[in-house]
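Chemist:
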Amino acid sequence: RITATEIRECLSSSSSPSLPVTSYVPQILSPTSSSNGSPGQNLKHYSPNLPCYIIKDVSTVSSDSVYITRSDAGGKWNIILGKERGEWERKLYGALREAENIQGAKRILIEEVPHSEEYDGVRDRVFRAAEGKYYP
């Protein structure tokens, strides 16, 4: 996996020609617009059938919620994906499908992932699954 920082460093080295480095920021036209060209550019993408939220404090216990976390949240239903980014990349969509099928669950609460370049892809997937909503 190559990060944007590594690309910038490579392109700015003295042995490479001078090339402009720009960042691409996708434009989201609407939550589910088919005119976006690709479903991955919609705000809502791979969203589960249950209301889904990002949660900053997993110690906030909600008895009718499924937690998707890095470690045990102490709730009734916990899906632990681990602390490594690779685990989240491999397991997130399966965890969302599992969570939406739990009888009696009313919502899915996904632990906020670290704010680092390494987690950019995972954070984007979590944000889209939750449609950008945070749990109060």
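Numbered as in this note's numbering, the sequence shown ends at 190 without a single skipped number. Here a beta-carbon is modelled for each residue, glycine too, at the ideal position from N, C-alpha and C. Quick caveat: nothing in here was measured; it's all calculated off a predicted structure.
Using 10 angstroms around the beta-carbon of Tyr-121, count the other beta-carbons present and answer buried if the total reaches 16, otherwise exposed.
Modeler: Tyr-121 should be labelled buried.
Chemist: Indicate whether Ile-164 and Thr-123 have their beta-carbon atoms separated by less than 9 Å.
Modeler: Yes.
Chemist: Measure the beta-carbon distance from Leu-135 to Ala-153 and round it to whole angstroms, keeping in mind my assumption that it falls under 8 Å.
Modeler: Incorrect: roughly 11 Å between the Cβ atoms, too far for contact.
Chemist: Should Arg-182 and Leu-104 be called a contact, given that it needs their Cβ atoms to be closer than 9 Å?
Modeler: Not in contact: Arg-182 and Leu-104 (Cβ atoms no closer than 9 Å).
Chemist: If Val-176 sits next to Leu-146, beta carbons under 8 Å apart, how far is it from one beta carbon to the other, in whole angstroms?
Modeler: 7 Å between Cβ atoms; contact.
Chemist: Can you tell which of Gly-140, Lys-187 and Ala-159 has its C-alpha closest to the C-alpha of Asp-174?
Modeler: For Asp-174, the nearest C-alpha among the options comes from Gly-140.
Chemist: Could you compute how far the alpha carbon of Asn-132 sits from the alpha carbon of Ile-109?
Modeler: Going by the C-alpha atoms only, they are around 14 Å apart.
Chemist: Looking at the structure shown, is Asn-176 part of a helix, part of a strand, or coil, going by DSSP?
Modeler: The question names Asn, yet the displayed sequence has Val at residue 176. Note: Val-176 maps to helix in three-state DSSP.
Chemist: Where are the beta strand (DSSP E) runs, 3 residues long or more, that stay fully inside the region 112-183, in chain order?
Modeler: Runs found: 119-123, 131-134 and 161-165.
Chemist: What are the boundary residues of the beta strand (DSSP E) that Ile-109 is part of?
Modeler: Start and end: 106-109.
Chemist: Pro-190: buried (16+ other C-beta within 10 angstroms of its C-beta) or exposed?
Modeler: When all chains shown are included, Pro-190 counts as exposed.
Chemist: Between Glu-185 and Arg-151, what straight-line distance do the alpha-carbon atoms span, to the nearest angstrom?
Modeler: The alpha-carbon atoms of Glu-185 and Arg-151 are separated by roughly 16 Å.
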